[in-house]
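Numbering (the UniProt record's numbering), first residue to last: 1 to 467.
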């Protein structure tokens, strides 16, 4: 089930439940209010009749009359005030258990025994009342007791409130109709509003499908500042990260393909040479000098492949290196590099000078030593007679007075297996991996490698620690 459908159904259920509950409460409150008003009106009418009748009796000649005259007088007064007060109510006067006057046709004492008796007022003028159902009618009855000349009298009132309940019964269908019309209006409106509100999610779904299909440049257009807009921004950030990672992986895959092609090409020449000399040794009668030359050549080519494998191993290892950088003294670093260079073979003709301001740099000293040694090796192969290494603040400079690099080749010198002069590099044992390795080590340190060179004046490599 779609999210929009689920939210719509849940919202409709809540709205219908709210309409039902509110309708029921409205009907219940209206019923209670109508019944209460009817009962209060009837009670007021009953109290008014009782008080008026009582006062009329007290002001009349009732107490001086005797026998039938007294009975006739009280009956007359009751009928007169019942007529004046009646409205939609009937009154009954009883003397003890004898009915003096009854305008209703009901037996109120019997009817009241069927209902729950409630009392209003103090004990001396209390009014008892109840509601009962008589056939198809609903009656509201009151009862109030008096004493005239020490004779007990009781005044009953019977009020027919059937119309009140019938009015409530007609109110219920109206409330149901209003609730139904409200729901009928709310349903399409809710569907429209939810469709409009969730439209950005539908767009995000389509854009996610496009990204899954390889269109990594697709972006959402967040509008407003609600949660969906925040989701769109997060989606864009995720899409950007995915695009960058994919581009990075594609670039790495491309570089690896190029690296493998270059490795195959670099190995082909020495392997051809080794196989050729080996075949010659096996199949041809050679003098001892020729045999030694062949063996020497095989040895040279094998050493070349060994260095190639070692460089490649270092180059690959730096891709997966997890550095633990520590503050190291540049003076100690340069001194170790100088000692390594001086003790090396084939560098006696090259002068090395180092200078450090004694500062500290965050580095992996072994990798940084390897970087500097690779730069010195490149300078030596370029025919340098003097190499200087200077460390100042956040910079290390390696300068030489070698043959230099043409400007058009500077952009390519850090590419794996790039050789400005392949034949010269081959003779000097160059592999074309030194600067590529140096650049990777610099990047692992968060540093930049800048090369400034021109033919005939030498080369300066500037290592800039940006952290």
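A virtual CB, placed ideally from N, CA and C, is assigned to each residue, including glycine. Nothing here was measured: the structure is a model prediction, and the numbers come from that model.
As computed with DSSP, residue 166 is found in no beta bridge at all. Of the residues assessed, residue 230 falls on the exposed side of the cut-off, its CB having fewer than 16 other CB atoms within 10 angstroms. In this structure, residue 76 sits away from residue 52, with a CB-CB distance that is not shorter than 8 Å. For residue 361 against residue 235, the beta-carbon gap comes to about 41 Å, at or over 8 Å, which does not count as contact. In the DSSP assignment, residue 73 falls within the unbroken alpha helix (DSSP H) covering 68 to 85.
Closest in alpha carbon position to residue 441, among 370, 456 and 461, is 370. Taking a C-beta distance under 8 Å as the contact criterion, residue 127 and residue 25 do not qualify as a contact pair.
At least 8 Å separates the beta-carbon of residue 111 from that of residue 155.
Here residue 54 carries a helix assignment [DSSP, helix/strand/coil].
Only residues of its own chain outside the window of five on either side were considered, and among them 291 and 294 have a CB closer than 7 Å to the CB of residue 281, listed in chain order. Put simply, the stretch 126 to 140 touches the stretch 26 to 40. At least three CB pairs are less than 8 Å apart. The beta carbon of residue 101 sits closer than 8 Å to the beta carbons of 75, 78, 79, 82, 91, 92 and 93 from its chain, once the five residues preceding and following it are set aside; these are given in chain order. Residue 46 sits away from residue 163, with the two beta carbons spaced by 8 Å or more. The C-alpha of residue 139 is placed about 17 Å away from the C-alpha of residue 119.
Under a 10 Å Cβ-count criterion, residue 117 is classified as exposed, with fewer than 16 other Cβ atoms of the shown protein chains found around its own Cβ.
For residue 153, the CB contacts under 6 Å within the same chain, skipping 5 residues up- and downstream, are 95 and 146 in chain order. DSSP places residue 394 outside both helix and strand once states are collapsed to three, so it counts as coil.
Residue 380 is not a Cβ neighbour of residue 354, given a cutoff of 8 Å. Beta-bridge partners assigned by DSSP to residue 388: 353 and 399.
In this chain, residue 108 is not harboured by any beta strand (DSSP E); it is covered by the alpha helix (DSSP H) spanning 108 to 112. In the DSSP assignment, residue 133 falls within the beta strand (DSSP E) that extends over 127 to 134. CA-CA distance, residue 237 to residue 393, rounds to 37 Å. Counted as a single uninterrupted DSSP element, the stretch harbouring residue 202 is not any beta strand (DSSP E) but the alpha helix (DSSP H) occupying residues 199 to 212. In terms of Cβ geometry, residue 85 and residue 48 form a close pair [threshold 8 Å].
When DSSP states are grouped into helix, strand and coil, residue 88 belongs to the coil group. Excluding five sequence positions before and after residue 467, the CB atoms of its chain that fall closer than 7 Å to its own CB belong to 362 and 446, given in chain order. With respect to residue 301, residue 270 sits close: the two C-beta atoms are nearer than 8 Å.
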